[in-house]
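S.K.:
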Amino acid sequence: MMKESHFNFSSRQIASAFITIIIILVGTSSLSLYQTHRVSKELNRVVTVSDVQIEIVNKFLKLAHERSLTLQSMLLTRDPFELDDHQMRASAAASNYLRLRDVLLKMELSTDERALIREQDKQTINTGIKQSRVIRLAVDGQFDLARGLLYDEAIPSQAKAMGFMQQFIDLKQAKKRATIRETKQIIDRTTDTILVLVLLGVIISIAIAYIVTTRLKHEINFRNQFESELEQRVEERTEALTFIASHDTLTALPNRAVFTEQLANSVKHADRNGQLMALFFMDLDGFKAINDLHGHDIGDKVLIEVCRRFKETLREEDVVARIGGDEFTVIINELEQKGDALSVAQKLITQINTPMRFDAIECRVGISIGISFFPNNVLSPDALLTEADDAMYAAKRSGKNRYSVATSIV
């Protein structure tokens, strides 16, 4: 027991050691993947948002240039249709600006970025008022006044608004560069941490391997001796299990599986050698009443005594088996004549009829025996067993405690 405990303890140590190594490696890998995924995801998010916002503000600049060029074109034509067309283009540019502004304001912006957008929007609205006056003057034909207002007030105001736009772009690009630098620093720190963890994992793994190896050297002698003892125990246990699997636990007689195999072998042997064999199917009479009256303990003792009497009456080479609660079979090989089997059946009935006494309790049972012979008009072992079973029930119907031969072979 001490050696088994010693060995089990060593097995637990080995399992714990390898589990620790696996946990270290899995933990290190998981941390590496998590850090890389988190940093990459954040960088992609920041860069994507920044690029979208810069693209929107660049569209602001483009729309501002288009509106300014449209106003200048209005001052170069006197065709009313062309004036209307330029006016519609200027209005469309203003509408597109308002739509893009709403999109930008709904996005994630820092405090300083939002302040720049508010200043730019305020300046753009002021510029829009001046540009609208230029358009009205041009439509009314007051081109000189419109030209003066455009170049003296509207264009400078627009340049100021575009300056705010450019400041926003510069701010976003600076923040994007800063984010990339910070991300690189985080990745570098994460890489250093992972390298340290990997190194630590390798060191711990080596230490555990050394401890386990040392421990295993001390365990080899215990293991060898334990395995030798274990093999002996396994052999003994295997023999015991084999017996249990093939024999009835109460009576130690062969069970149905062994009987079925033995019957098949006996039929083959008799058929090959032209010999006569008999099969008895036996059922105890009055056994249920004993069980009901005296209990299962007495019933078990009756079964054991019945089996003892079977062995006492039968030859050593005859096969007797228990195939059910109070059902038994007997295979009698190499008979000279059928009458020999009938004599054996009568002896069994006489033996079983003798009263049994267990302390102050006397028990009496009878036995009904069905007999089938081989060879006959059936060839299979199953059919032979069925004939014997039917003959046993015929004996019971005839009054019990007697034998009956299968009708197909009488």
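In this text, residue positions in the sequence shown follow our numbering: the first is 12, and each later residue adds one. Ideal placement from N, C-alpha and C gives every residue a C-beta, glycine not left out.
Can the beta-carbon of residue 340 be found less than 9 Å from the beta-carbon of residue 399?
M.R.: yes
S.K.: Using 10 angstroms around the beta-carbon of residue 211, count the other beta-carbons present and answer buried if the total reaches 16, otherwise exposed.
M.R.: exposed
S.K.: Can you name the start and end residues of the beta strand (DSSP E) that residue 342 belongs to?
M.R.: Counted as a single uninterrupted DSSP element, the beta strand (DSSP E) harbouring residue 342 occupies residues 338-346.
S.K.: Would you identify the three-state DSSP class for residue 265, choosing helix, strand or coil?
M.R.: strand
S.K.: Which value, in whole angstroms, describes the spacing of the CA atoms of residue 393 and residue 347?
M.R.: 24 Å
S.K.: Roughly how far, in whole angstroms, is the beta-carbon of residue 364 from the beta-carbon of residue 350, given that I think they are within contact range, below 8 Å?
M.R.: About 21 Å separates the two Cβ atoms, so there is no contact after all.
S.K.: Quick check on DSSP: helix, strand or coil for residue 296?
M.R.: It is a strand residue.
S.K.: Taking only the alpha-carbon atoms, compute the straight-line gap between residue 417 and residue 407 and give it to the nearest angstrom.
M.R.: Going from the Cα of residue 417 to the Cα of residue 407 covers about 13 Å.
S.K.: What residue range is occupied by the uninterrupted alpha helix (DSSP H) comprising residue 313?
M.R.: 307-324
S.K.: Classify residue 359 as helix, strand or coil using the three-state DSSP reduction.
M.R.: helix
S.K.: Can you name the start and end residues of the beta strand (DSSP E) that residue 165 belongs to?
M.R.: Taken as a continuous stretch (DSSP letters only), residue 165 belongs to no beta strand (DSSP E), as it is neither H nor E.
S.K.: Can you tell me which of the three DSSP states residue 332 falls into?
M.R.: In the three-state DSSP reduction, residue 332 falls in the strand class (E or B).
S.K.: Excluding the 5 residues preceding and the 5 following residue 175 in the sequence, name in chain order all residues of the same chain whose CB lies nearer than 7 Å to its CB.
M.R.: Beyond the five residues adjoining it in sequence on each side, residue 175 comes within less than 7 Å, by CB distance, of 127, 130, 131, 134 in the same chain, given in chain order.
S.K.: So, with DSSP's three-state summary, where would you put residue 104?
M.R.: helix
S.K.: For residue 139, which three-state DSSP category applies?
M.R.: In the displayed model, residue 139 falls within a helix according to three-state DSSP.
S.K.: If you run the structure through DSSP and keep just helix, strand and coil, what is residue 375?
M.R.: coil
S.K.: Taking the C-alpha atoms as reference points, what is the distance between residue 101 and residue 68?
M.R.: For residue 101 and residue 68, the distance between alpha carbons rounds to 18 Å.
S.K.: Going by other Cβ atoms of all chains shown within 10 Å of its Cβ, with 16 needed for buried, is residue 343 buried or exposed?
M.R.: It is buried - the Cβ of residue 343 has at least 16 other Cβ atoms within 10 Å.
S.K.: Identify whether residue 285 lies in helix, strand or coil by the three-state DSSP scheme.
M.R.: coil
S.K.: Looking only at its own chain, which residues have a Cβ that is under 8 Å from the Cβ of residue 20, when we skip the five neighbours before and after it?
M.R.: With a pLDDT of 49 at residue 20, under the threshold of 50, the modelled position of that residue is not reliable, and the figure given next carries that caveat. Contacts found: none.
S.K.: Using the C-alpha atoms, what's the distance from residue 391 back to residue 307?
M.R.: 36 Å
S.K.: Going along the chain, which residues of its own chain have a beta-carbon closer than 8 Å to the beta-carbon of residue 360, five neighbours each way excluded?
M.R.: 377, 378, 380, 412, 413, 414
S.K.: Residue 197 bridges to which residues according to DSSP?
M.R.: DSSP output for residue 197 lists no bridge partner at all.
S.K.: Between the beta-carbon of residue 31 and the beta-carbon of residue 215, is there less than 9 Å?
M.R.: yes
S.K.: Please report the distance separating the alpha-carbon of residue 33 from that of residue 201.
M.R.: 21 Å
S.K.: Would DSSP call residue 244 helix, strand or coil?
M.R.: Helix, per DSSP.
S.K.: Any Cβ of chain B within less than 9 Å of the Cβ of residue 384?
M.R.: Although the question refers to chain B, the structure presented lacks it and comprises just one protein chain.
S.K.: Look at the Cβ atom of residue 170, then the Cβ atom of residue 85, and state whether they are nearer than 9 Å.
M.R.: no
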